[in-house]
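Peer 1: The structure follows.
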Amino acid sequence: MRLKSSLKQIRLKGTIIFLLWTGFCLCFLSGCSKRKPTEPPPSPKAYMLYIVNNSRGCVYEVDTNTATVVDTIYFGDPPFGTMLLGISPDGSILYVYIPEHHAFYEIDTRTKEIKYTGSNSSVYISPDGKYLFTSRCGSSGKKGICVIDACTHQYLCYDTTYEIGPFGSLTFDRKSPRVYGILDLGGVGVFNYQTFSWERTFEIVSSEYEGIKLGLSALILSPDGKTLYFTGGFSSIGTFGVYDLTEDSLVFEYHVLLAPEHSLFQLAYLAISPDGRYVYVTDPGGYQLWPPYPEGEIWVFDTQDYTFSFISTDTIVPPGLAGSMATCDIEVTPDGKKAYVSDWWYTIVVINLETNNIIDTIQVEKGGYKATYLAIQTRP
């Protein structure tokens, strides 16, 4: 009996193996073994762009992959004057300053929740994200440089030795704990935020041009920390220059003679490509004057051969306006492929930096006046 039972089990196992093998062969021959179609790779994460709209009292969040507004953050009833904007190095916190509130807002870029409101903050953030810098020191309102702990919002340093100039006047060295600032009395100061002390001050622009004293309006430091680029001027003179920090000398200066109502380079904005090869200069036209008379160009400065080329904005005219576009702030994506440029109205221009061609425009709320300052995430 046991022998017959064993034989039955062997036959049953053999039958099962045979059926499985036959099924496998049939599936293979009928195409069951073919691979599934390859799914398209997921879209790359977008660098999020943030745009201030002063008249509406809000900040727009733009997906740079699609060039569309995906969210809007409101701060109450407008108007708000000139709101300022900054973003943490990891892109997690948006810093907004509203003059009418005399306060800074820190916003979680993921949840859009306000994490902090108060005066102990800034739109200037150190490259490591640990420190905030402001030119107004404490409740006294004295101008100088103050360093704030980004986590605790406590003042770490309060120094009024030198007065720092307006927004756009600080630029950070990414290779050392140094920040360069335009001084109200002229020249540039170098502040070490590790030792909380001024290292030195120096003149960066020739003091006069044909008897006209020139001032500074904007600074930007090269990625290697060796060169400063600046704009400035006075009245009918605009200037752009290059200062070599290793040689401690002015190595290039370009002056533009302007009509009295024009201010090219005097209040222009600067951006630099991640590799340091190109510096971009916008043209806001006559600042707070009407009409603005912009040139309709964004200047592109080649840092290797000290030459200019130009990106024309003549084809971009906000509806209801005549003349060229008055370009304002500019931000370059961390990969160096695109730049975003605001105007004084509600158009954002998208530029392909490989070809220096305008490839798209972003329209924020129609009729929204003063879509000015920009900030872009350094990490998608």
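The opening position of the sequence shown corresponds to residue 21 in the numbering used here, with each subsequent residue numbered one higher. C-beta: ideal position from N, C-alpha, C; glycine also.
Can you confirm whether the region 104-114 touches the region 82-89 when touching is taken to mean that 3 or more C-beta pairs between the two stretches lie within less than 8 Å?
Peer 2: Verdict: no, contact absent.
Peer 1: Please identify the residue among 372, 377, 353, 374 whose C-alpha is closest to the C-alpha of residue 82.
Peer 2: In the sequence shown, the residue the question calls residue 82 occupies position 62. Closest option to residue 82, Cα to Cα, is 353.
Peer 1: Output needed for residue 377: all residues of its chain with C-beta closer than 8 Å, excluding positions within five of it in sequence on either side, in chain order.
Peer 2: The residue labelled residue 377 in the question sits at position 357 within the sequence shown. So the list reads 331, 371, once near-sequence residues are dropped.
Peer 1: So the candidates are 209, 203, 182; which of them puts its Cα closest to the Cα of residue 193?
Peer 2: Sequence index remark: in the sequence shown, residue 193 carries index 173 (1-based). Nearest C-alpha to residue 193: 209.
Peer 1: Mind checking which residues open and close the beta strand (DSSP E) that includes residue 68?
Peer 2: Residue mapping note: residue 68 aligns to position 48 of the sequence shown, counting from 1. Start and end: 68-73.
Peer 1: Check for me: the beta strand (DSSP E) holding residue 383 runs from which residue to which?
Peer 2: Along the sequence shown, read from residue 1 onward, the residue named residue 383 stands at position 363. Looking at the DSSP string, the run of the beta strand (DSSP E) that includes residue 383 is 377-383.
Peer 1: To the nearest angstrom, how far is the alpha carbon of residue 327 from that of residue 346?
Peer 2: Residue numbering aside, residue 327 sits at position 307 when the sequence shown is read from its first letter. Residue numbering aside, residue 346 sits at position 326 when the sequence shown is read from its first letter. For residue 327 and residue 346, the distance between alpha carbons rounds to 23 Å.
Peer 1: Once DSSP output is grouped into helix, strand and coil, what is the label at residue 173?
Peer 2: Residue numbering aside, residue 173 sits at position 153 when the sequence shown is read from its first letter. Correct three-state label for residue 173: coil.
Peer 1: Any idea what DSSP makes of residue 351, helix, strand or coil?
Peer 2: As a first step, residue 351 is located in the sequence shown; it is residue number 331 there, counting from the start. Reduced to three states, the DSSP call for residue 351 is strand.
Peer 1: Could you have a look at residue 152 and say whether DSSP puts it in helix, strand or coil?
Peer 2: Numbered from its first residue, the sequence shown carries residue 152 at position 132. Strand at residue 152.
Peer 1: For residue 136 and residue 120, which I take to be in contact (beta-carbon distance under 8 Å), what is that distance rounded to the nearest angstrom?
Peer 2: As a first step, residue 136 is located in the sequence shown; it is residue number 116 there, counting from the start. As a first step, residue 120 is located in the sequence shown; it is residue number 100 there, counting from the start. At roughly 18 Å, the Cβ-Cβ gap does not stay under 8 Å, so residue 136 and residue 120 are not in contact.
Peer 1: Quick one: residues in its chain with C-beta nearer than 6 Å to the C-beta of residue 94, no 5 flanking neighbours on either side, listed in chain order?
Peer 2: Walking along the sequence shown from the start, residue 94 turns up at place 74. If we look at residue 94 and ignore the five residues flanking it on each side, its Cβ neighbours are 78.
Peer 1: Taking the alpha-carbon positions, what's the residue 385 to residue 349 distance?
Peer 2: In the sequence shown, residue 385 corresponds to position 365, counting from 1. In the sequence shown, residue 349 corresponds to position 329, counting from 1. Near 18 Å, if we compare the C-alpha coordinates of residue 349 and residue 385.
Peer 1: For residue 211, which residues of its own chain have a beta-carbon under 6 Å away from its beta-carbon, when the five flanking residues on both sides are left out?
Peer 2: Here residue 211 refers to the residue found at position 191 when the sequence shown is read from its first residue. Result list for residue 211: 165, 199, 218, in chain order.
Peer 1: Going by DSSP, name the residue or residues bridged to residue 122.
Peer 2: By 1-based counting over the sequence shown, the position of residue 122 is 102. None; residue 122 has no bridge partner.
Peer 1: Taking all protein chains shown into account, decide if residue 155 is buried (16 or more other Cβ within 10 angstroms of its Cβ) or exposed.
Peer 2: Within the sequence shown, the letter at position 135 stands for residue 155. The residue in question, residue 155, is buried, as its Cβ has 16 or more Cβ neighbours within 10 Å.
Peer 1: Quick one: is residue 196 buried, meaning 16 or more other Cβ sit within 10 Å of its Cβ, or exposed?
Peer 2: Here residue 196 is taken as the residue at index 176 of the sequence shown, counted from 1. Exposed, since its Cβ has fewer than 16 Cβ neighbours within 10 Å.
Peer 1: If I measure Cβ to Cβ from residue 324 and keep anything under 8 Å in the same chain, skipping five residues before and after, which residues do I get?
Peer 2: In the sequence shown, the residue the question calls residue 324 occupies position 304. Answer for residue 324: 297, listed in chain order.
Peer 1: Classify residue 85 as helix, strand or coil using the three-state DSSP reduction.
Peer 2: Walking along the sequence shown from the start, residue 85 turns up at place 65. In the structure shown, residue 85 sits in coil (DSSP, three-state: anything other than H, G, I, E or B).
Peer 1: Starting from residue 76, trace the beta strand (DSSP E) both ways and give me its first and last residue.
Peer 2: As a position in the sequence shown, residue 76 is number 56, starting the count at 1. Neither: residue 76 is in no beta strand (DSSP E) and is coded neither H nor E.
Peer 1: Given a threshold of 16 other Cβ atoms within 10 Å of its Cβ, counted over all protein chains shown, does residue 130 qualify as buried or as exposed?
Peer 2: Position 110 of the sequence shown, counted from the start, is the residue given in the question as residue 130. Per the 10 Å Cβ criterion, exposed.
Peer 1: Under a three-way DSSP split, which group does residue 224 fall into?
Peer 2: Within the sequence shown, numbered from 1, the residue matching residue 224 stands at position 204. In this structure, residue 224 counts as coil in the three-state DSSP scheme.
Peer 1: Within 10 Å of its beta-carbon, does residue 351 have 16 or more other beta-carbons around it, so buried, or fewer, so exposed?
Peer 2: Along the sequence shown, one-based indexing puts residue 351 at 331. Residue 351 comes out buried.
Peer 1: DSSP puts residue 262 in a beta bridge; with which residues?
Peer 2: For this step, residue 262 is matched to residue 242 along the sequence shown. Bridge partners of residue 262: 249, 272.
Peer 1: Could you say which of 214, 248, 128 lies nearest to residue 222 if we only look at CA atoms?
Peer 2: Position 202 of the sequence shown, counted from the first residue, corresponds to residue 222. Among 214, 248, 128, the Cα nearest to that of residue 222 is on 248.
Peer 1: Can you name the start and end residues of the beta strand (DSSP E) that residue 317 belongs to?
Peer 2: Walking along the sequence shown from the start, residue 317 turns up at place 297. Taken as a continuous stretch (DSSP letters only), the beta strand (DSSP E) holding residue 317 covers 317-322.
Peer 1: Assuming residue 301 contacts residue 367 under a Cβ cut-off of 8 Å, what Cβ separation, rounded to an integer in Å, is found between them?
Peer 2: Taking the first residue of the sequence shown as 1, we reach residue 301 at position 281. Taking the first residue of the sequence shown as 1, we reach residue 367 at position 347. Contact doesn't hold; Cβ gap of about 19 Å is too wide.
Peer 1: Measuring only the C-alpha atoms, how far is residue 268 from residue 383?
Peer 2: One-based indexing of the sequence shown puts residue 268 at position 248. One-based indexing of the sequence shown puts residue 383 at position 363. Straight-line Cα distance between these residues: approximately 43 Å.
Peer 1: Buried or exposed for residue 258, please, with buried defined as at least 16 other CB atoms from any protein chain shown within 10 angstroms of its CB.
Peer 2: What you label residue 258 is simply residue 238 of the sequence shown in a count that begins at 1. So residue 258 ends up on the buried side.
Peer 1: Which whole-angstrom value is the C-beta distance of residue 190 and residue 216, which I expect to be below 8 Å?
Peer 2: Numbered from 1 along the sequence shown, position 170 holds the residue referred to as residue 190. Numbered from 1 along the sequence shown, position 196 holds the residue referred to as residue 216. Incorrect: roughly 16 Å between the Cβ atoms, too far for contact.
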